[in-house]
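Residue numbers (numbering that gives the first Met the number 0): 0 to 86. Beta carbons are placed, not taken as given, at the ideal position from N, Cα and C, and that holds for glycine. Accompanying notes for the structure given below.
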Amino acid sequence: MENAKSVKEKSGHYHPVSCKFYDQLEAWATMKTKLDIIYQNRPGESLLISGQIKDLYTREKCEYLMMESGVEIQLDLIDKVTASSED
0 MENAKSVKEK SGHYHPVSCK FYDQLEAWAT MKTKLDIIYQ NRPGESLLIS GQIKDLYTRE
60 KCEYLMMESG VEIQLDLIDK VTASSED
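Here it is, written out as structure tokens:
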């Protein structure tokens with residue numbers, strides 16, 4: 000599991016995510032859906048985090064989500080999000 004509280008973008012350029020993807024993240028956050036999220040920690044390294052989205056926000060022209068655990072993920076580093084099979 001990721002020890003750092005924040006995952007920063009590595010390439011220096013933020014790539015905005017689609018409105019459809021952002022809207023789906025908002026819906027999951029509102030419904031407190033437990034999710035499995037695979038994201039890039041650094042080039043060539045994918046991590047899996049499970050839990051609920053606590054918040055979605057923009058900072059310095061980049062969009063982020065904050066997990067209930069406190070882990071922050073830049074949205075364009077997310078590879079896959081699925082509803083968790085755990086209850």
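In the structure shown, Gln23 adopts helical secondary structure according to DSSP, grouped into three states.
Across the structure, Leu46 and Thr29 are spaced so that their CA atoms are roughly 24 Å apart.
Between Val16 and Asp78, the gap from beta carbon to beta carbon reaches 7 Å or more. In the three-state reduction of the DSSP assignment, Thr29 falls in the helix class, which pools H, G and I. Counted as a single uninterrupted DSSP element, the beta strand (DSSP E) harbouring Lys53 occupies residues Ile52 to Arg58.
For Asp35, the enclosing beta strand (DSSP E) starts and ends at Leu34 to Arg41. For the set Lys19, Asp54, Leu24 and Tyr13, the Cα lying nearest the Cα of Thr81 is the one of Leu24.
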